[in-house]
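Here the structure comes first, spelled out in structure tokens, and everything after it is commentary.
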Amino acid sequence: MASSKSRLYEICAAKHWHPPSFECCEDGPSHKKLYAFKVTIEVQLEGSTTILECHGAPKSKKKMAEQHATEGALWSVSAGSNYVG
1 MASSKSRLYE
11 ICAAKHWHPP
21 SFECCEDGPS
31 HKKLYAFKVT
41 IEVQLEGSTT
51 ILECHGAPKS
61 KKKMAEQHAT
71 EGALWSVSAG
81 SNYVG
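Encoded structure:
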């Protein structure tokens, strides 16, 4: 089964959108860091561009934080019938 990040890249490529971008934010002391990701997708439909930003909840592991935000972005593009056909 493909990862959520791979699936998101596949959807963007299939729709001829720019690849998603991932931005990590760290917070907290070094012994208790929390990571949160923002996934940004440029959605191009019928001559207009919409910027979709999905923010994940802070997590203690960077990979988990990235996955959480990516799953939110996947849900967003999958839930909108205008985005994914």
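Each residue of the sequence shown is one higher than the one before, starting from 1 at the first, in UniProt numbering. For glycine and all other residues, C-beta sits at the position ideal for the given N, C-alpha and C. Since the model is a prediction, treat every value here as computed from it, not as a measurement.
Can you tell me where the beta strand (DSSP E) with residue i in it begins and where it stops?
{"i": "E26", "result": "21–27"}
Tell me whether residue i sits in a helix, a strand or coil according to DSSP, three-state version.
{"i": "E46", "result": "coil"}
{"i": "A36", "result": "strand"}
{"i": "H31", "result": "helix"}
{"i": "H55", "result": "strand"}
Grab the span of the alpha helix (DSSP H) containing residue i for me, first residue to last.
{"i": "W75", "result": "62–79"}
{"i": "K5", "result": "4–14"}
Only counting the same chain, and skipping five residues up and downstream in sequence, which positions put a Cβ closer than 8 Å to that of residue i?
{"i": "residue 88", "result": "Residue 88 lies beyond the range of the chain shown here (1 to 85); nothing can be said about it."}
{"i": "K59", "result": "L34, Y35, A36, A65, H68"}
{"i": "V84", "result": "For V84, the predicted structure reports a pLDDT of 48, less than 50, and the residue's modelled location is therefore unreliable. A value from the coordinates is still provided. Closer than 8 Å at the Cβ level, and outside the excluded window around V84, lie I11, K15, V77, S78."}
{"i": "R7", "result": "L74"}
To the nearest whole angstrom, what separates the beta carbons of residue i and residue j, a pair I think is in contact under 8 Å?
{"i": "C24", "j": "K62", "result": "7 Å"}
Among residues of its own chain, excluding the 5 on either side of residue i, which ones have a beta-carbon nearer than 6 Å to its beta-carbon?
{"i": "H55", "result": "K38"}
{"i": "T50", "result": "V43"}
Q.
Counting beta carbon pairs with one atom in the segment 8–25 and one in the segment 40–58, are three or more of them shorter than 8 Å?
A. Touching, yes.
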